[in-house]
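Enquirer: The structure that follows is given in the form of structure tokens.
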Amino acid sequence: MRLLEERIRKDGIVKPGNVLKVDSFLNHQMDVELFGEMGKEFYRLFRDRKVNKILTIEASGIGIACIAAQYFQVPVVFAKKSQSINLDGEQYVAKVESFTHKRVYDVIVAKKFLKEEDRVLIIDDFLANGCAVAGLIDLVEAAGAAVEGVGIAVEKGFQDGGRLLRSKGIRVESLAIVESMDERTGEIQFRS
Ligand code: 5GP
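Note that our numbering numbers the sequence shown so that position 73 is 56, with each residue one more than the last.
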């Protein structure tokens, strides 16, 4: 998606440790107009699947997922990263190793929000090693529901997540795939 690539080139900052910082439009401040275009594109890519629910993970996936959901006209469920008194009833829990925080945490969804008949589109902001998406897939599978696809805003193509998921036959569509990025020059190359 050219619009997203241009924005990453303009405002993305390459940080040490293969981290791309996009907090001025995606991860902290959010450009809702851009999210609208991204949502439209996710809908174009996955409209052939009978998606009835979007699943994402807090926090950065939520904004993108909600705007996309307006096009699919389906609810969004976001997996929580910590227990809270508002999480009651039975839950599905999966383990995820965080790329940005380098620690293992649980992702949790209440069983009442994921059912066997659900056809789920997973949406997240970044795909790096694929741990976050793998955790979300575990939740969907634990519920006996179907993963219709995975929609990602920014995939870092030089990390293994995309290859691993696609090799399992999962349909992964990324709006921008970073082929390489140079922390010294700030240069970012996209997969064409
Ligand atoms: P993975 O689980 O695929 O290794 O990493 C994906 C998760 O880590 C995403 O949910 C995202 O929040 C975070 N993440 C991974 N790489 C980056 C990055 O380069 N920049 C930002 N801002 N977040 C990242």
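Beta carbons: idealized from backbone N, C-alpha and C, even for Gly.
Source: prediction; values computed, not measured.
#1: What residue does the beta strand (DSSP E) around Met164 start on, and which one ends it?
#2: Examine ligand 1 and report whether any of its heavy atoms sits within less than 7 Å of the Cβ of Leu28.
#3: Please identify the residue among Val15, Gly0 and Asp101 whose C-alpha is closest to the C-alpha of Gly7.
#4: Among Ala111, Ala42, Phe96 and Ile(-9), which has the Cα closest to the Cα of Gln142?
#5: How is Val116 classed by DSSP in three states: helix, strand or coil?
#6: For Phe8, name the three-state secondary structure that DSSP assigns.
#7: Taking the C-alpha atoms as reference points, what is the distance between Leu(-14) and Ser175?
#8: So, is the C-beta of Ile171 closer than 8 Å to a C-beta in chain B?
#9: Anyone know if the C-beta pair for Lys132 and Arg154 falls short of 8 Å?
#10: Verify whether the separation of the beta carbon atoms of Ile40 and Phe61 is less than 8 Å.
Expert: By the coordinates alone:
#1: For Met164, the enclosing beta strand (DSSP E) covers residues Val155 to Met164.
#2: Distance from the C-beta of Leu28 to the nearest heavy atom of ligand 1 is not below 7 Å.
#3: The sequence given here has Ser at residue 7, not Gly. Checking every option, the nearest Cα to that of Ser7 belongs to Val15.
#4: Ranking the options by Cα distance to Gln142, first place goes to Ala111.
#5: Here Val116 sits in helix by DSSP.
#6: Taken through DSSP and simplified to helix, strand or coil, Phe8 comes out as coil.
#7: Taking the CA atoms as reference points, Leu(-14) sits about 14 Å from Ser175.
#8: In summary, chain B is missing from the structure at hand, where a single protein chain is found.
#9: It is Gly, not Lys, that sits at residue 132 in the sequence shown. Inclusion of Gly132 and Arg154 in the CB contact set at 8 Å is warranted, their separation being smaller than that value.
#10: Using a Cβ distance threshold of 8 Å, Ile40 and Phe61 count as a contacting pair.
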